[in-house]
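Working notes, beginning with the structure itself.
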Amino acid sequence: MKNKDKFNLNYLEQISNKPKVFSYSDRRGFWDDKYISKKMLEAHLNPYLDAASRKYQTIKKSCKWMVESLELKKGDSLIDLGCGPGLYLNELYNYGLNLTGIDYSKRSIEYAKEYSNKNNIDIKYLYKDYLTLDYSGKFNVATLIYYDFGCFKKSDVKKLLKIINSLLKKNGYFVFDVQTPYYTDLKEERSNWQVCNGGFFSPNKYLELQNKYYYPEYETRLNQHIIIEDNGYIKEYRLWHKHYTLERIKTLLNKSNFKIKKVYSNLLGSKYNKTSKELGIIAQKK
Ligand SMILES: C[S@@+](CC[C@H](N)C(=O)[O-])C[C@H]1O[C@@H](n2cnc3c(N)ncnc32)[C@H](O)[C@@H]1O
């Protein structure tokens, strides 16, 4: 669907039906939308909110844990995929690392660059889709933080792992987190609607139809938002999320020339157990 199609009931019925698993809407059109990215940046920058980013204190602890557990030294290089406004990179900068951030939200990257300039911080930022990167062999560490690994269909996961593998030096680390099937609270299906007088999706008056779908055979959920503006234009945003078991992750990593070095219950180093709701994974390039 194109994001400028006009409202009509048959069409609405058609687009609010449960879609095929992992049929994307325009992913970039969500993260890089001029208005949505502004609301998203506000959420990233709220230090007390686990929303677009985690709370500031969690980010700080997570960076300390990462540096200590990977035994990173001054000058080691790290690339953060989907860095948002650079909250993790700003913390990691205190450890003397050589840092690169990549994101396709123009607003986040502009904010991150401006923050670096103002604070005399030397971090390289790229406004780019990380699924199109073609660097090779430069980095000691690559990170993908806040469950973004789960947002991709199988072919993109393979592509992403291939790209990350080629970004890393031999024995380099890939650090990421996923939700597991024990994230049970997110599995219910429901639909609701609301009329907003300006909100997260648009500054104008709009009707939002929200459908939450679950695909048990794929352990995947969808949060779909259909936005109908006062002028009749419709936009559709689909946020996909796959829950991964440790076994599935191991298989995927193995096939992509990685091995698991260590697994935790989160990216703070909490002990892993079989019913962990999330996994914090340190993978190593073979
Ligand atoms: C949930 S936010 C997490 C941001 C950051 N990792 C954090 O935890 O603070 C996901 C970020 O990934 C970015 N993103 C998603 N897909 C991307 C892609 N293919 N290429 C570049 N950036 C992407 C979005 O623009 C957004 O800033």
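Here the sequence shown stands for residues 2 to 287, where the numbers follow our numbering. By construction, the Cβ of each residue, glycine as well, lies at the ideal position given by its N, Cα and C atoms.
Exercise for review: Using 10 angstroms around the beta-carbon of K286, count the other beta-carbons present and answer buried if the total reaches 16, otherwise exposed.
Suggested key: buried
Review point. Would you call the segment 228-237 and the segment 127-138 in contact, with 3 or more CB pairs under 8 Å?
Key: no
**Study point:** Buried/exposed call for Y236, threshold 16 Cβ in 10 Å
**Key:** Reading the sequence as shown, one finds Lys at residue 236 and not Tyr. Classification of K236: buried, given that the 10 Å Cβ count is 16 or more.
Review point. Would the C-beta of I103 count as close to ligand 1, meaning under 7 Å from any of its heavy atoms?
Key: Flag set: Cβ of I103 near ligand 1.
Check your understanding: Counting Cβ pairs closer than 8 Å, one from the segment 99-106 and one from the segment 75-90, do we hit at least three?
Key -> Taking 8 Å as the limit for Cβ pairs, the verdict is that the segment 75-90 does touch the segment 99-106.
**Study point:** Alpha carbon of S271 to alpha carbon of Q195, nearest angstrom
**Key:** About 39 Å.
Review point. If you draw a straight line from the alpha carbon of Y116 to that of I124, how long is it in whole angstroms?
Key: 10 Å
**Study point:** I227, DSSP secondary structure in three states
**Key:** Three-state result, I227: strand.
Practice item. May I ask you to list the residues that DSSP assigns as paired with L1? Key: Since the first residue shown for the chain is 2 and the last is 287, residue 1 is missing from the structure and cannot be characterised.
Point to revise | Per DSSP, cross-strand counterpart(s) of T144 | key: D81, V176
**Study point:** Where Y207 falls, given that 16 or more other Cβ within 10 Å makes a residue buried
**Key:** buried
Review point. Is K163 helix, strand or coil by DSSP?
Key: helix
Check your understanding: Is the beta carbon of S109 within less than 7 Å of some heavy atom of ligand 1?
Key -> yes
Review point. What does C197 pair with, by DSSP beta-bridge criteria?
Key: When DSSP reads this structure, C197 sits in a beta bridge with Y207.
Check your understanding: What is the residue span of the beta strand (DSSP E) that A284 lies within?
Key -> 279-286
**Study point:** Member of Q15, Y25, I16, L10 whose CA lies at the smallest distance from the CA of R222
**Key:** Y25
Exercise for review: Along the alpha helix (DSSP H) that carries R249, what are the first and last residues, could you check?
Suggested key: 247-256
**Study point:** Under the three-state DSSP convention, the category H242 falls into
**Key:** strand
Practice item. Could you give the DSSP three-state label for F150: helix, strand or coil? Key: helix
Review point. Hey, would you say the C-beta of D149 is under 7 Å away from at least one heavy atom of ligand 1?
Key: yes
Practice item. Could you tell me whether the Cβ atoms of Y214 and K19 are closer together than 8 Å? Key: It is a contact, given that the beta carbons lie within the stated cut-off.
Check your understanding: Tell me, which residues are paired with R108 by DSSP?
Key -> Paired residue(s): none; R108 is not in a bridge.
Review point. Any idea what DSSP makes of T221, helix, strand or coil?
Key: strand
Check your understanding: Ordered along the chain, which non-local residues of its own chain (more than five positions away) have a Cβ less than 8 Å from that of L269?
Key -> T59, K62, S63, W66, G281
Point to revise | Exposed unless 16 or more other CB atoms sit within 10 angstroms - verdict on K119 | key: exposed
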